[in-house]
Amino acid sequence: MNFQQLRIIREAARQNFNLTEVANILFTSQSGVSKHIKDLEDELGVELFERKGKRLLGFTGPGREILDVVERILLDTANIKRVAQQYTEEDEGSLSLATTHTQARYVLPPIISEFKKAFPRVHLELHQCGPEEIVTLLKAGKVDIGIATEALQDEPSLVCFPFHSWQHAVVVPKHHPLLEEKELTLEAVAQYSIITYHQGYTGRRSIDLAFEQADLHPDIVMSALDADVIKTYVELGLGIGIIASVAWQPQRDSELVLLDSTDLFPVKTTQLALRRGHYLRSFALRLVQLCCQSVPQEEIQQQVQ
């Protein structure tokens, strides 16, 4: 048994059992991959994969259980390197963070600025993507930290900590009729064309649910991935916007008005997620602490490890 065989088992799962893709990822040949699998199965005395001819269809029962062990072994192998780097390169290295546009654009800048002042020699990679992709990147070990409002808490291999809470808010152009409302209601909002987030992004489901519970059917004429796009088209008069409250910047959004929507939509909590068993170097732990100041360092380490 060797590490290449273990990597092949893991990549087979990640590449949907396509041995050509496994070979490309591991810089080897497909025949070499097949031989490694056969050698490992012979050594263990069990078949790891269900097959149709030479094609792999999925894991057998033993294969699924062995994959869990393989994931832990390879994770701990990577942790050994991180522990060594902690002592040889304490204040330098690389740290990767995956998050959504809203968090990257409106919430994280002051935190990242403070982090870089403390660790100027740490190379920070910031990936902007959707919640489901963030989960995938974390599980694959391609990023160290993930931040999003959706999806993260549904994955058992991740441990989550509350980052910050926020609500959706309604934005309208200056002189819009909704400005005359003494108390904003969902009924009043639903009378106008609405521009808001795509499904699966920035709490869109809770927006839809709020209208459903009020038995309203709003006309959502446009959806976008981020608040900047939403606000741009609201300024053009194509509809009113529903955005994350944290995306409101009075000086930059001077052509728009933010309405008091406190009672219209539920409070949402954005989560910071880490992969269970992932060793956190001191600078990575510091960034987590900057994001989750209400969570003690000992609790973060205990839950992750």
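Counting with numbering that gives the first Met the number 0, you get residues 0 to 304 for the letters of the sequence shown. The beta carbon of each residue, even a glycine, is placed where N, CA and C say it ideally should be. Keep in mind it's a predicted model, so treat the numbers as computed, not measured.
Query raised in the report: What's the C-alpha gap between Val287 and Phe162?
Result: 9 Å
Requested in this report: Ignore the nearest five residues each way along the sequence and tell me which others in Glu113's own chain have a CB closer than 8 Å to its CB.
Outcome: Leu289
Requested in this report: Please say whether Ser205 and Thr269 have beta carbons closer to each other than 9 Å?
Outcome: no
Report task. Following the continuous alpha helix (DSSP H) through Ala283, name the residue where it begins and the one where it ends. Result -> Ser281 to Cys290
Report task. Let me know the beta strand (DSSP E) ranges lying completely inside the segment 208-265, each 3 residues or longer, listed in chain order. Result -> 219-223, 239-243 and 255-258
Query raised in the report: Alpha carbon to alpha carbon, what distance is there between Tyr200 and Leu151?
Result: 12 Å
Report task. Return helix, strand or coil for Val294, following the three-state DSSP convention. Result -> coil
Query raised in the report: Residue range of the beta strand (DSSP E) that His167 falls in?
Result: His167 to Pro172
Query raised in the report: What residue range is occupied by the uninterrupted alpha helix (DSSP H) comprising Glu180?
Result: First-last for Glu180: undefined, no H or E at that position.
Query raised in the report: Does the pairing of the segment 257-271 with the segment 140-150 give three or more beta-carbon distances under 8 Å?
Result: yes
Query raised in the report: Taking three-plus beta-carbon pairs below 8 Å as touching, is the segment 28-42 in contact with the segment 237-244?
Result: no
Report task. Determine the direct distance from the alpha carbon of Arg280 to that of Tyr232, and round the result to whole angstroms. Result -> 43 Å
Query raised in the report: Can you list the alpha helix (DSSP H) stretches of 4 or more residues lying completely in the segment 19-53, in chain order?
Result: 29-43
Query - As assigned by DSSP and simplified to three states, the class of Arg203 - result: helix
Query raised in the report: Quick one: what does DSSP say Glu132 is sitting in, helix, strand or coil?
Result: helix
Query raised in the report: Just curious, the beta strand (DSSP E) that Gln127 is in, first and last residue?
Result: Val121 to Gln127
Query raised in the report: Measuring CA to CA, which of Ala189, Val171, Leu5 and Gly202 is closest to Glu254?
Result: Val171
Report task. Give a yes or no on whether 9 Å exceeds the smallest Cβ distance from Leu263 to chain C. Result -> Absent from the structure: chain C. Only one protein chain is present.
Requested in this report: Pick out whichever of Ile65, Asp90, Pro108 and Val134 has its Cα sitting closest to the Cα of Ala97.
Outcome: Val134
**Report entry** Neighbourhood of Glu154 by C-beta, 6 Å cutoff - its chain only, sequence neighbours within 5 removed
**Finding:** Val134
Query raised in the report: In this structure, does DSSP put Arg275 in helix, strand or coil?
Result: coil
Report task. Using alpha carbons as the reference points, say which of Arg50, Lys181, Asp227 and Ser33 lies closest to Glu99. Result -> A quick correction: the sequence has Thr, not Glu, at residue 99. Ranking the options by Cα distance to Thr99, first place goes to Asp227.
Query raised in the report: In whole angstroms, what is the alpha-carbon distance linking Ala12 and His35?
Result: 15 Å
Requested in this report: Would you mind working out which of Ala77, Cys128 and Val158 sits nearest Gln302, comparing C-alpha positions?
Outcome: Val158
Query raised in the report: Which two residues bound the contiguous beta strand (DSSP E) that contains Ser95?
Result: Gly92 to Thr98
Query raised in the report: Within the present structure, is the beta-carbon of Thr98 separated from the nearest heavy atom of the ligand GDP by less than 8 Å?
Result: In the structure shown, the ligand GDP is absent, as is every other ligand, since no ligand is present at all.
Query raised in the report: What are the start and end residues of the alpha helix (DSSP H) that includes Ala12?
Result: Phe2 to Arg13
Query raised in the report: Do Ala213 and Ile194 have their CB atoms nearer than 9 Å?
Result: no
**Report entry** Proximity below 9 Å, CB of Asp262 to CB of Arg104
**Finding:** no
Query raised in the report: For His216, which residues from the same chain have a beta carbon less than 8 Å from its beta carbon, with the 5 sequence-adjacent residues on both sides left out?
Result: Ala189 and Phe210
Query raised in the report: Going by other Cβ atoms of all chains shown within 10 Å of its Cβ, with 16 needed for buried, is Asp143 buried or exposed?
Result: buried
**Report entry** Cut-off 7 Å between Cβ atoms - residues of its own chain near Asp259, not counting five sequence neighbours on either side
**Finding:** Leu183
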